[in-house]
Each structure stands twice: as C-alpha cells, then as structure tokens.
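Engineer: Starting off with a structure, shown below.
Chains as they are written, first to last, in the numbering used here: chain G, 669 to 860; chain W, 5 to 305.
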C-alpha cells in the first residue's frame with residue numbers, strides 16, 4: 669500500500685495541469701481565457717500550499733509517518749503551479765512587455781506580495797533535495813519555515829485582488845491561518 | 005471615433021466561422037512564437053469593432069444581484085419576474101411620473117445602437133443594444149432648477165435576487181449621472197439586444213447604457229429615476245470610494261488602484277490574442293469630451 673502512496677499522489681497532483689492543458693488545446697476556457705488560466709493556476713497553487721502545510725499536523729494527528737514523505741513533492745508542486753501562474757501573467761497576458769509588469773509589481777500591493785511569494789519559493793525549491801537537507805543541517809529547517817511566510821503572502825495576494833467581499837479568498841485565508849496556528853507550541857509558551 | 009453602422013458589422017455566423025479559423029491558426033502558430041507574428045496582431049486589431057457573440061454577451065455578466073461570479077447572472081436570473089414593471093421618475097421635478105413598461109414601449113421607439121462596453125476589470129465587448137436616448141424619457145417631466153444630477157435605483161428584491169441576500173454591495177444598487185451626461189444623446193435606455201427582448205441577466209426589463217463610462221455605471225433593472233440637487237453616492241462609491249469615483253469615465257491614463265486601465269482584453273478572443281489599447285472615453289471622445297472641459301480627470305475619476 670505504502671509503496672503506491674507516493675506515485676499516486678504524484679499522478680493526482682498532475683491532474684489540474686492536465687485539465688488546464690486540455691482546456692487550452694481544445695479552446696474550452698470560456699469568454700476570457702487568459703483570466704481563466706490565471707485564476708485556475710493561482711487557486712491550485714493555494715490548494716497545494718494548504719496541502720503541504722497539512723502534512724505535519726496530519727502526521728501528529730494520526731501518528732503515521734508517510735504523510736511527511738509526500739510533503740516535499742507537494743511543496744514542489746506549489747512551485748510548479750506558482751510558476752505556471754506567473755508565466756501566464758507575464759507571458760500570455762502581458763507578452764513579456766516588462767514595463768507594465770514592472771509598474772504592476774511596484775504599484776499594486778497584491779502583485780507585489782504575489783511576486784515576493786514566488787521569489788521566496790525559489791530557495792526552497794533549490795534546497796529541496798535530500799542532499800541539500802544533509803548539507804544545510806539545522807539551517808535547512810529554519811530556511812524551510814519560509815513556507816509560512818509564503819502561505820500568508822499567497823493568501824493575502826488572493827484577498828487583496830478581490831473586488832469586494834468575496835467568500836473564497838477568505839476561506840483560503842482562514843484555512844492557512846488555522847494550519848499555521850496548529851504549529852504554535854502552546855506547551856512551550858505556557859511553561860515559560 | 006467613427007460610428008459603426010450595422011451594415012459594416014460582420015454577421016454573427018460568418019464572424020464565428022472566421023473567428024474559429026483565426027483561432028485555429030493562432031493555436032498552431034502560438035507554439036512557435038507569440039508576439040512576433042504580425043498577422044495575429046493585425047487580426048485582433050480588426051476584431052475590435054466586431055460584435056461580441058450573443059452567447060458571450062448573455063452568459064458573461066457582472067450583475068451582483070444574481071451572484072458575484074460571471075456565470076451566476078445567467079444561471080440565477082431565468083426565473084426573475086419582469087412583469088408587471090413600473091418606473092417612477094421623481095425628485096426635483098414639477099410633477100412626478102410613473103410609467104409601466106407597456107407605456108414606455110408605446111411611447112418610445114427602440115433602435116439598434118452598437119456600442120462598445122468597457123468593464124472596469126479590463127475586458128470589453130461590442131454589443132448591439134436596442135434602445136433610445138434617455139433624454140427622450142427624461143423630457144417627459146419638467147425638472148426644477150434645483151436638479152443637477154440624476155440618480156438611478158435598481159430593484160431590491162432579495163426573494164428573487166439571490167445576491168442581494170448578502171451585503172456584497174449597499175443594496176439597492178444605485179448609480180448617478182450629472183444632468184448633462186444624462187441628457188447626452190449617447191446615454192441610452194436599453195430595452196433589448198441583438199434585435200431581441202433584453203434578457204434578464206443583461207438588466208431586463210429596462211437598463212441604461214453609457215458607452216463612454218465603465219460598465220458598472222450602467223445600472224440594470226431600473227425602478228426609479230430621481231432628479232437630485234447633490235451628487236449621488238453610487239453603490240460602488242459606498243463600497244470603495246478610493247477605487248470608484250462618481251464619473252468613472254473610461255480613461256487609459258488613470259489607473260484603478262489595483263490594476264492598470266491602459267489596455268483591455270476583448271471578450272471572445274482566443275488565448276493567444278494580445279491585449280489592445282484602451283481608448284480615451286472608450287473611443288467616444290469626439291462626442292463627449294466637451295462635457296468635461298477644464299476638469300482634472302485624474303481628480304474627478
């Protein structure tokens with residue numbers, strides 16, 4: 669069973685990519701296709717952030733170790749979907765015209781935090797391998813706590829871009845806040 | 005901006021065929037390089053004045069009374085009852101007037117009016133509305149000399165309008181125009197589109213349309229038109245005064261705080277179509293720019 673767990677998670681994780689590829693190739697994206705791809709890849713990035721953050725609480729809850737074994741892969745899918753999201757915006761929407769993109773990053777706070785979150789994902793991706801883990805030792809753990817910052821920035825990105833009070837961005841915000849809340853070591857705080 | 009005559013517009017069927025041909029070309033070419041192909045850019049530059057399909061116009065809507073997603077209005081408005089319907093014209097007028105939809109369709113002749121619609125979100129359509137100038141309707145009453153603005157109020161009926169059960173906006177939806185804007189011949193009372201009755205999701209039975217302003221200025225399902233002395237506060241101004249001003253003229257030089265207004269996407273284009281430049285006053289500057297002589301449009305956005 670355990671043997672198939674990781675490969676099946678991998679296959680499942682590629683499904684959103686297959687869906688959007690199918691929609692692009694067969695023109696099934698609706699009246700505003702570029703926005704559809706942007707929203708789709710953006711939302712799946714957030715979903716994978718939530719999944720990644722859910723693994724260690726699940727391990728604690730169930731006392732099963734295999735959750736943590738897929739965590740790295742889920743984290744890499746965060747980077748994969750975030751990069752697709754960014755590429756859609758930069759490449760398909762703005763066709764690599766850097767001036768308006770630069771203006772957006774500087775002037776629009778939701779784009780600023782979104783871009784910052786993607787930049788922070790790079791060191792995590794580069795140090796994701798077993799080798800880097802051994803090499804960085806204690807620092808690896810510290811470095812990879814950046815995912816907490818990325819998660820907050822990512823959910824703010826969604827909240828800030830919404831036009832009015834929307835339900836969905838708030839749901840992600842609440843889920844992410846909850847998952848981060850689970851990490852607070854209350855024992856340590858109260859024993860002080 | 006030159007006016008588009010109906011005869012110059014490609015019929016929907018031919019247009020669709022042509023579009024799918026262009027799309028299929030685009031799909032193949034896109035894998036090579038996107039922006040460097042001049043043919044693709046030209047193709048979409050031409051499309052600027054082509055009619056948006058009936059399907060897109062009637063299934064891709066911002067109409068928060070029926071829900072906040074673009075497909076909600078089509079889905080949630082089919083059972084909406086538009087008969088009987090009355091419109092009251094009141095406020096700073098000598099004698100208020102109440103008209104039923106039947107009376108309105110007897111009194112005014114609707115003609116086809118093809119206008120561009122530019123949404124504040126950065127997309128645009130070209131829509132063959134059926135309608136007549138609002139000035140014709142407003143001239144049925146005599147306004148007092150206190151009247152400086154006109155306020156439009158949409159229907160409030162949370163029983164029928166799902167979206168109104170949530171405080172997404174300050175219901176009922178309100179919009180406003182300066183009196184001279186309201187009296188401008190381009191400001192249209194809309195009763196139909198594509199030669200048909202106005203569908204519910206597009207604001208039936210009666211809405212206004214102001215082609216040189218962002219789409220949200222054009223209130224739907226109107227029940228009350230009120231002449232007022234002071235500048236009305238529209239629902240979007242209530243929601244976010246920093247982002248939505250009273251005038252809300254289409255202006256590529258004034259950015260929305262959260263996104264640029266310099267370019268727009270044409271609805272119905274394929275994935276690989278580029279953005280196009282947004283035109284000042286949505287291309288109706290020749291007709292309406294004089295309304296704003298001497299005004300700082302960055303301040304009065």
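C-beta atoms are modelled at their ideal positions from N, C-alpha and C, and glycine is treated no differently.
Could you give the uninterrupted runs of the alpha helix (DSSP H) lying entirely in the region 685-736 of chain G, keeping only those of 4 residues or more?
Structural biologist: Here the runs fully enclosed are 701-730.
Engineer: Just checking: is the beta-carbon of residue 842 (chain G) within a distance shorter than 8 Å of some beta-carbon in chain W?
Structural biologist: Residue 842 (chain G) does not count as touching chain W.
Engineer: Going by DSSP, which residues form a beta bridge with residue 134 (chain W)?
Structural biologist: According to DSSP, which records beta bridges pairwise, residue 134 (chain W) is partnered with W:116 and W:196.
Engineer: Check whether the Cβ atoms of residue 251 (chain W) and residue 304 (chain W) sit closer than 8 Å, and answer yes or no.
Structural biologist: Yes; because the gap between Cβ atoms is below 8 Å, this pair is in contact.
Engineer: With burial defined as no fewer than 16 other Cβ atoms inside 10 Å of the residue's Cβ, what is the status of residue 823 (chain G): buried or exposed?
Structural biologist: It is buried - the Cβ of residue 823 (chain G) has at least 16 other Cβ atoms within 10 Å.
Engineer: Chain W partners of residue 696 (chain G), CB-CB under 9 Å?
Structural biologist: Result: empty, since nearest Cβ-Cβ is about 11 Å, beyond 9 Å.
Engineer: What are the start and end residues of each continuous beta strand (DSSP E) run of 3 or more residues lying completely inside the region 127-185 of chain W, in chain order?
Structural biologist: If we require 3 residues or more, the beta strand (DSSP E) runs fully inside the region 127-185 of chain W come out as 127-137, 153-158 and 178-182.
Engineer: Could you tell me the boundaries of the alpha helix (DSSP H) in which residue 809 (chain G) lies?
Structural biologist: Looking at the DSSP string, the run of the alpha helix (DSSP H) that includes residue 809 (chain G) is 806-812.
Engineer: Looking only at its own chain, which residues have a Cβ that is under 8 Å from the Cβ of residue 28 (chain W), when we skip the five neighbours before and after it?
Structural biologist: Low per-residue confidence applies at residue 28 (chain W): pLDDT is 44, beneath 50, and the placement is therefore not dependable enough to give any value.
Engineer: What residues from chain G crowd round residue 278 (chain W), counting only those whose CB sits closer than 7 Å?
Structural biologist: Neighbours of residue 278 (chain W) on chain G, chain order: 763.
Engineer: Taking DSSP's pairing of strands, which residues face residue 95 (chain W) in a bridge?
Structural biologist: According to DSSP, which records beta bridges pairwise, residue 95 (chain W) is partnered with W:231.
Engineer: Grouping DSSP H, G and I as helix and E and B as strand, with all else coil, what is residue 304 (chain W)?
Structural biologist: Coil.
Engineer: Here's the rule I'm using: 16 or more other beta-carbon atoms within 10 Å means buried, otherwise exposed. How should residue 242 (chain W) be labelled?
Structural biologist: So residue 242 (chain W) counts as exposed.
Engineer: Keeping to the same chain, check which residues put their C-beta closer than 7 Å to that of residue 40 (chain W); ignore five residues upstream and five downstream.
Structural biologist: Note that residue 40 (chain W) scores 41 on pLDDT, short of 50, meaning its location in the model is unreliable and no value can be drawn from it.
Engineer: List, in order along the chain, the chain W residues whose C-beta lies closer than 7 Å to that of residue 702 (chain G)?
Structural biologist: Under the 7 Å cutoff, chain W gives 269 and 275.
Engineer: Which residue comes first and which comes last in the alpha helix (DSSP H) that contains residue 246 (chain W)?
Structural biologist: First-last for residue 246 (chain W): undefined, no H or E at that position.
Engineer: Hey, is residue 3 (chain W)'s beta-carbon within less than 8 Å of any beta-carbon in chain G?
Structural biologist: Here chain W has residues from 5 to 305 only, and residue 3 (chain W) is not among them.
Engineer: Is it buried or exposed, residue 177 (chain W), if we count other Cβ atoms within 10 angstroms and call 16 or more buried?
Structural biologist: Its Cβ being crowded by 16 or more others within 10 Å, residue 177 (chain W) is buried.
Engineer: Measuring straight from C-alpha to C-alpha, what distance separates residue 264 (chain W) and residue 282 (chain W)?
Structural biologist: Their backbone Cα atoms lie some 10 Å apart in a straight line.
Engineer: Whose C-beta lies closer than 6 Å to the C-beta of residue 136 (chain W) among residues of the same chain, with five residues either side of it excluded?
Structural biologist: Result list for residue 136 (chain W): 112, 114 and 193, in chain order.
Engineer: Could you tell me which chain W residues have their CB closer than 7 Å to the CB of residue 690 (chain G), listed as they occur along the chain?
Structural biologist: Neighbours of residue 690 (chain G) on chain W: none; closest Cβ ~13 Å, over 7 Å.
Engineer: With distance defined between alpha-carbon atoms, name the residue in W:273, W:215 and W:150 nearest to residue 696 (chain G).
Structural biologist: Ranking the options by Cα distance to residue 696 (chain G), first place goes to W:273.
Engineer: Run down chain W in chain order and give the residues with a C-beta less than 8 Å from the C-beta of residue 820 (chain G).
Structural biologist: What residue 820 (chain G) touches in chain W: nothing, since even the nearest Cβ is about 19 Å away.
Engineer: To be precise: take each residue of the region 743-762 of chain G, compare its Cβ to all Cβ atoms of chain W, and keep it if any distance is under 9 Å. Which residues remain?
Structural biologist: The residues in question are 759, 760, 761 and 762.
Engineer: Spell out the partners DSSP gives residue 280 (chain W) in its beta bridges.
Structural biologist: According to DSSP, residue 280 (chain W) bridges with W:268.
Engineer: Compare the C-beta of residue 829 (chain G) with all C-beta atoms of chain A and state if any pair is closer than 8 Å.
Structural biologist: Judged by its chain identifiers, the structure shown contains no chain A, and its protein chains are G and W.
Engineer: At the 8 Å Cβ level, is residue 837 (chain G) part of the contact set with chain W, yes or no?
Structural biologist: Taking Cβ atoms only, chain W never reaches closer than 8 Å to residue 837 (chain G), which makes this a no.
Engineer: Could you compute how far the alpha carbon of residue 846 (chain G) sits from the alpha carbon of residue 167 (chain W)?
Structural biologist: Whole-angstrom Cα-Cα distance: 28 Å.
Engineer: Short of 6 Å in beta carbon distance, which residues of its chain neighbour residue 207 (chain W), apart from the five on each side in sequence? Order them along the chain.
Structural biologist: These residues qualify, in order along the chain: 224 and 225.
Engineer: Sorted by chain position, which residues of the same chain lie with C-beta nearer than 8 Å to residue 858 (chain G)'s C-beta, five sequence neighbours on each side aside?
Structural biologist: Once the five neighbours on either side are set aside, residue 858 (chain G) has no close Cβ partner at all.
Engineer: For chain G, find out if any of its Cβ atoms is closer than 8 Å to the Cβ of residue 219 (chain W); answer yes or no.
Structural biologist: So, not an interface residue.
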